[in-house]
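J.:
Number of protein chains: 2
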Amino acid sequence: MRIVGIDLGGTNLRAAAFDGELKIAEHRELVGEPRDPESIADRIARVAGQLGAEALGIGIAAMLRDDRGTVATSPHLRWRDVAFGELLAARLPSLPIGIYNDVNAITWGEVSAGAARGCRDVLAVYVGTGIGAGVVANGELVTGASHTAGELGHTKVAWGDDAAPCACGQRGCLEAYLGGSYLERRYGIASDVDAAAAAGDPRALEAWTELATLFAIALGNALAVLNPERLVVGGGVLAHCPTLVELTAAALEIAAPRASLEPLAVVAAELGDDAGLVGAARLVSRNLRRRPYT
Amino acid sequence: MRIVGIDLGGTNLRAAAFDGELKIAEHRELVGEPRDPESIADRIARVAGQLGAEALGIGIAAMLRDDRGTVATSPHLRWRDVAFGELLAARLPSLPIGIYNDVNAITWGEVSAGAARGCRDVLAVYVGTGIGAGVVANGELVTGASHTAGELGHTKVAWGDDAAPCACGQRGCLEAYLGGSYLERRYGIASDVDAAAAAGDPRALEAWTELATLFAIALGNALAVLNPERLVVGGGVLAHCPTLVELTAAALEIAAPRASLEPLAVVAAELGDDAGLVGAARLVSRNLRRRPYT
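Those sequence lines, one after another, are chains A and B.
My numbering numbers the first residue of the first sequence as 6 and each following residue consecutively.
My numbering numbers the first residue of the second sequence as 6 and each following residue consecutively.
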């Protein structure tokens, strides 16, 4: 069966067709304009047709409202309250379709075919412009009661009047310290600071140590609650900041309960840009096996 | 089928026989001495026999190592590395037996028959001498990779040299502030401070506001990651400190992401001392339905 996975972000619309574990075709186009839901649904239907999809999994940079692909909000696409699943179903009436949050699709990609292959309990954390996380427990994605599980970026690592304001309207969120946009505003280009810290520059080292502590506290607290066997770390900021990752791993030793660290391996994400495509395709094919499409 | 649930703590060994949802008999004895594993296994086997058990679920105040009832450590029972499941199976060879961490059994009691009945995603937090939590995601107990999920008491709410030392050997754990033994050492009898705070005593109010903030931060961070629909709160400290609970609920409004609060109801545990018995019985009966005993 030919499963097509799609990764719909704010910039790129990427797609790949899979036959089992084999990628047999891929496609990429810019999202560009217009990016209204109807236009994007038209384009996804065309791509799915071109790639010969017999089932379609889509990871989308959006907060979802249900498991039928209703988008509550997507700042990247500038969508709000869009019945995207219905728009697609109207265009592809006979096709099994699954629509997932992009971070969940990426996480599932790493769990099914990447850095956490074969693991039952996983926390995957991505630090880029924003911070997203995916949770897998008992071998299942944890989406939560309203599809907002994994909001590690908005766990609080500071409180009171000094806590940094976050775009979400609250204060002290991890993202307001470690998210790429905040980080560069405060310290300059992250990879430069990272190189300076590696070279022993005291100011860079101080900044990075403080940041690594906050990151380790947030991670350690999630590990204490979830007790995963694998912590997958990825995303642009971490990819360009090996020193920050190293300092965080060291800080984790005192931030996380010892019992949580015992079974844990901290690993880098493996699938890069393909993770979302692979994950979305695997999720829809998994759901098909469980609940055959009728 | 007659299912017996047992709650084995440091002080009491409690048991109840259930026929479906109906409690048809109960039993309580002090653990006392000797409390070595062989003696306790003998006594549980006798109680199970007296109550006519056709299946046996046990919630035990211990950190487990696997799902066959191997106890890694139980400070309450003074056990370490005990193959308790094997000891019981040798005495009750034909009986289906399930052995669970006590907080998980209690949590499952509230989820199957108490304050979180019918809920798919739940966080249950108990504050007594220590702090324990149970996590249910996608309708399943989350035990984690090494049976230590739910360690909310050892999430960090302070760090650096000022952070309070915890009996676990680390610093800044929630338990080192809010756990009953720490709390009374620092402030005196918790229920007295709570009454004073309710009456407007400034010192009590200041202490309670600080504590409520730390508790809300820890809770809010877990809610951000898990996105449950129900937060169950219970345990002796909270039962005797309504003002502290009220202040915590208020602090949660700014500590937890708004999206996590939207679907959430905060509720008091309903089953009290019965929760562990009910939960252990329901867990073993649920596992029987899934994996018939052979």
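For every residue, glycine included, the Cβ atom is placed at its ideal position computed from N, Cα and C.
Values in this document were obtained by computation on a predicted structure and should not be read as measured data.
Could you tell me whether the region 44–51 of chain A touches the region 88–97 of chain A, where touching means 3 or more Cβ pairs closer than 8 Å?
T.: yes
J.: To the nearest angstrom, how far is it from the Cα of R7(A) to the Cα of V52(A)?
T.: One-based indexing of the first sequence puts residue 7(A) at position 2. One-based indexing of the first sequence puts residue 52(A) at position 47. In a straight line, the C-alpha of R7(A) is about 13 Å away from that of V52(A).
J.: Flag this pair as touching only if the region 254–270 of chain A and the region 94–101 of chain A have three or more C-beta atom pairs under 8 Å; answer yes or no.
T.: no
J.: With a Cβ-Cβ cutoff of 8 Å, do A229(B) and H159(A) count as a contact?
T.: Mapped onto the second sequence, residue 229(B) falls at position 224. Mapped onto the first sequence, residue 159(A) falls at position 154. Closer than 8 Å, so yes.
J.: Give the interface partners of A154(B) over in chain A, defined as CB-CB distance under 9 Å, in chain order.
T.: Position 149 of the second sequence, counted from the first residue, corresponds to residue 154(B). Within 9 Å Cβ-Cβ: D126, A142, A229, V230, L231, N232, P233 and S265.
J.: So A260(B) contacts chain A; which residues on that side make the cut at Cβ distance below 8 Å?
T.: As a working note, residue 260(B) is residue 255 in the second sequence. Ordered by position in chain A, the residues that pass the 8 Å Cβ test against A260(B) are K161 and W164.
J.: Excluding sequence positions up to five away, which residues of its chain have a Cβ less than 7 Å from the Cβ of G281(A)?
T.: Counting from 1 along the first sequence, the entry for residue 281(A) is found at position 276. Closer than 7 Å at the Cβ level, and outside the excluded window around G281(A), lie D12, G64, D107, A110, I111 and G114.
J.: Any C-beta of chain A sitting closer than 8 Å to the C-beta of L276(B)?
T.: Counting from 1 along the second sequence, the entry for residue 276(B) is found at position 271. So no, L276(B) is outside the interface.
J.: Once you ignore the five residues that flank T299(A) on each side, which residues in its own chain have a CB closer than 8 Å to its CB?
T.: Within the first sequence, numbered from 1, the residue matching residue 299(A) stands at position 294. Because the pLDDT at T299(A) is just 43, under 50, the model does not fix this residue reliably, and the value given afterwards should be weighed accordingly. Closer than 8 Å at the Cβ level, and outside the excluded window around T299(A), lies no residue.
J.: For A217(B) and L249(B), what's the separation of their Cα atoms in angstroms?
T.: Reading the second sequence from its first residue, position 212 is the one you call residue 217(B). Reading the second sequence from its first residue, position 244 is the one you call residue 249(B). Spanning the two alpha carbons is a distance of roughly 6 Å.
J.: Relative to chain A, which residues along the region 35–57 of chain B have a C-beta separation below 8 Å, given in chain order?
T.: For the region 35–57 of chain B, the set of residues with a beta-carbon nearer than 8 Å to any beta-carbon of chain A is empty.
J.: Output the boundary residues of the alpha helix (DSSP H) element that contains E59(B).
T.: Here residue 59(B) refers to the residue found at position 54 when the second sequence is read from its first residue. Segment: none, E59(B) is in no alpha helix (DSSP H) and carries neither H nor E.
J.: 8 Å is my cut-off, CB to CB: does G119(A) come that close to chain B?
T.: Mapped onto the first sequence, residue 119(A) falls at position 114. Closer than 8 Å to the CB of G119(A) there is not a single CB belonging to chain B.
J.: Rounded to whole angstroms, what's the CA-CA distance from D197(B) to R191(A)? Just pull it up for me.
T.: As a working note, residue 197(B) is residue 192 in the second sequence. As a working note, residue 191(A) is residue 186 in the first sequence. Computed Cα separation, rounded: 46 Å.
J.: Would you kindly report the start and end of the unbroken alpha helix (DSSP H) that includes S44(B)?
T.: Your numbering for residue 44(B) matches position 39 in the second sequence. Note, S44(B): alpha helix (DSSP H), P42 to Q55.
J.: How would you list, in chain order, the residues of chain A whose beta-carbon sits under 8 Å from the beta-carbon of C173(B)?
T.: Locating residue 173(B) in the second sequence gives position 168, where the first residue counts as 1. Under the 8 Å cutoff, chain A gives P262 and R263.
J.: Does the Cβ-Cβ distance between A195(A) and A202(A) come in under 8 Å?
T.: Counting from one through the first sequence, the residue named residue 195(A) turns up at place 190. Counting from one through the first sequence, the residue named residue 202(A) turns up at place 197. Not a contact, by the Cβ cut-off of 8 Å.
J.: What span of residues does the beta strand (DSSP E) with T75(B) cover, start to end?
T.: Taking the second sequence and counting its residues from 1, the one referred to as residue 75(B) is at position 70. Its beta strand (DSSP E) spans residues T75 to S79.
J.: Given that V87(A) touches chain B, what residues does it touch there, using C-beta distances under 7 Å?
T.: Here residue 87(A) corresponds to residue number 82 of the first sequence, with the count starting at 1. Under the 7 Å cutoff, chain B gives no residues; its nearest Cβ is about 17 Å from V87(A).
J.: Helix, strand or coil: how does DSSP classify E31(B) here?
T.: Stepping through the second sequence from its first residue, residue 31(B) is reached at position 26. Three-state DSSP puts E31(B) in a strand.
J.: Can you tell me where the alpha helix (DSSP H) with L236(B) in it begins and where it stops?
T.: The sequence position of residue 236(B) within the second sequence is 231, counting from 1. Per DSSP, L236(B) belongs to no alpha helix (DSSP H); it is in the beta strand (DSSP E), R235 to G239.
J.: Hey, quick one: how far does the alpha helix (DSSP H) through L282(B) stretch, first residue to last?
T.: Here residue 282(B) refers to the residue found at position 277 when the second sequence is read from its first residue. That run of the alpha helix (DSSP H) goes A280 to R295.
J.: In chain order, what residues of the same chain lie with their CB nearer than 6 Å to the CB of G103(A), ignoring the 5 residues before and after it?
T.: Sequence index remark: in the first sequence, residue 103(A) carries index 98 (1-based). Answer for G103(A): G62, L288, V289 and N292, listed in chain order.
J.: I need the DSSP call for V108(B), collapsed to helix, strand or coil.
T.: By one-based count along the second sequence, residue 108(B) stands at place 103. In the three-state scheme derived from DSSP, where H, G and I count as helix and E and B as strand, V108(B) is classed as helix.
J.: Just to confirm before moving on: does the CB-CB distance between V183(B) and F220(B) stay below 8 Å?
T.: On the second sequence, position 178 is the one that residue 183(B) refers to. On the second sequence, position 215 is the one that residue 220(B) refers to. The amino acid occupying residue 183(B) in the given sequence is Leu; Val does not appear at that position. Closer than 8 Å, so yes.
J.: Give the straight-line distance between the Cα atoms of A66(B) and H81(A), rounded to the nearest whole angstrom.
T.: Numbered from 1 along the second sequence, position 61 holds the residue referred to as residue 66(B). Numbered from 1 along the first sequence, position 76 holds the residue referred to as residue 81(A). In this structure, the CA atom of A66(B) is about 48 Å from the CA atom of H81(A).
J.: So that I know if they touch, is there some Cβ in chain B lying closer than 8 Å to that of D24(A)?
T.: Counting from one through the first sequence, the residue named residue 24(A) turns up at place 19. No - not a single Cβ of chain B is within 8 Å of the one on D24(A).
J.: Give me the DSSP bridge partner(s) of I8(B).
T.: Sequence index remark: in the second sequence, residue 8(B) carries index 3 (1-based). I8(B) pairs with F23(B) and A60(B).
J.: Consult DSSP for G174(A) and reduce its assignment to one of helix, strand or coil.
T.: Working through the first sequence from its first residue, we reach residue 174(A) at position 169. When secondary structure is reduced to three states using DSSP, G174(A) falls in the coil class, being assigned neither helix nor strand.
J.: Give every residue of the same chain whose Cβ lies closer than 7 Å to the Cβ of L252(A), excluding the five residues on either side of it in the sequence, and list them in chain order.
T.: Taking the first residue of the first sequence as position 1, residue 252(A) is located at position 247. Answer for L252(A): W213, T214 and A217, listed in chain order.
J.: Which of the three DSSP states, helix, strand or coil, is assigned to A204(B)?
T.: Indexing the second sequence from 1 puts residue 204(B) at position 199. Reduced to three states, the DSSP call for A204(B) is coil.
J.: For chain A, is any of its Cβ atoms less than 8 Å away from the one on T214(B)?
T.: Within the second sequence, the letter at position 209 stands for residue 214(B). Between T214(B) and chain A, the shortest Cβ-Cβ separation is not below 8 Å.
J.: By the criterion of Cβ-Cβ separation under 7 Å, what are the contact partners of P268(B) in chain A?
T.: Translated into positions along the second sequence, residue 268(B) becomes position 263. Going along chain A in sequence order, the residues near P268(B) (Cβ under 7 Å) are A150 and S151.
J.: 8 Å is my cut-off, CB to CB: does N292(A) come that close to chain B?
T.: For the purposes of this step, residue 292(A) is taken as residue 287 along the first sequence, with counting starting at 1. Taking Cβ atoms only, chain B never reaches closer than 8 Å to N292(A), which makes this a no.
J.: Throw me the rounded Cβ distance for the D199(B) and C246(B) pair, which I believe falls under 8 Å.
T.: One-based indexing of the second sequence puts residue 199(B) at position 194. One-based indexing of the second sequence puts residue 246(B) at position 241. Indeed they touch by this definition, with Cβ atoms about 4 Å apart.
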